[in-house]
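In this note's numbering, the protein residues as written are 19 to 193. Below you'll find the structure, written out as structure tokens, and then a few comments.
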Amino acid sequence: MRLNAALLWGIACVTLLPEVSWAKEEMVADGKLALTIPLGWKAVPKLQAGAKAGFQSVDGHTQVYVIPFAGGGNSSNFDLVRNYIEVYKQNFALIQEGDYKSGKVGDIEAAFQVLDLAILQGDNQVKYRFFLMVFPMGPDAYLIQSSTPLPVHDYRKKEILEIMRSVKVLKSPFD
19 MRLNAALLWG IACVTLLPEV SWAKEEMVAD GKLALTIPLG WKAVPKLQAG
69 AKAGFQSVDG HTQVYVIPFA GGGNSSNFDL VRNYIEVYKQ NFALIQEGDY
119 KSGKVGDIEA AFQVLDLAIL QGDNQVKYRF FLMVFPMGPD AYLIQSSTPL
169 PVHDYRKKEI LEIMRSVKVL KSPFD
């Protein structure tokens, strides 16, 4: 009887608790941007060349990088994405190119594209999916790039897309 009462009391207390956030907001790019990173993800041990920030999943298989590029703010989002895709094609074997999409992420006009690429590691070909989001910010532009091994699990795709949807501008690019 006491066990049942204690169990009911515990359930009642849990249902009255405020919703717990399972993510944390990280300021990146010299405090100009913020991303919400899933709990358990951490900063990468070594940043990719040119990146201002990088995070990896708990298992270390998935990374997200924030990469600025000077002068990109004068180009269309479509041109920015196409330029990055051409760079990827020079370095990796293209398996499949997803549809180009554009829209708003918060107040940011952004372009989005998915690429499936193969990377040669020794005698093995490792297949990855790259999620790319590009947006102008003043005279410059930013690329949010994520890579994860194929096949992509639904929970991992959700984490990546939530990170990309969470991007917020904190400071004017002219500060």
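Here a beta-carbon is modelled for each residue, glycine too, at the ideal position from N, C-alpha and C. Quick caveat, the model's predicted, so the values are computed rather than measured.
Relative to the C-alpha of residue i, which candidate in the options has its C-alpha closest?
i, options, result
"L150", "A159, S164, Q139, N142", "S164"
"Q131", "D97, K186, Q108", "D97"
"Y83", "I162, E44, E177", "I162"
"G58", "I137, D48, A41", "A41"
"I113", "F148, D125, A129", "F148"
"M155", "E43, E44, F87, V62", "F87"
"V123", "R183, M45, I85, E44", "R183"
"A111", "N101, V46, Y146, R100", "Y146"
"K60", "I137, N95, L133, Q81", "Q81"
What are the start and end residues of the alpha helix (DSSP H) that includes residue i?
i, result
"Y118", "That residue, Y118, is in no alpha helix (DSSP H); it is neither H nor E in DSSP."
"D134", "Unbroken run through D134 is the beta strand (DSSP E), 126-139; no alpha helix (DSSP H)."
"K175", "172-183"
Look up residue i in the DSSP assignment and give the residues it is bridged to.
i, result
"P154", "A159"
"A71", "V84"
On the DSSP letters alone, give me the boundaries of the beta strand (DSSP E) that residue i sits inside.
i, result
"F110", "First-last for F110: undefined, no H or E at that position."
"L53", "51-56"
"A47", "Element bounds for A47: n/a, residue is neither H nor E."
- Using 8 Å as the threshold, is the segment 101-118 in touch with the segment 72-82, meaning 3 or more CB pairs across them? no
- Segment contact, 8 Å Cβ cut-off, at least three pairs: the segment 181-188 with the segment 50-58: yes
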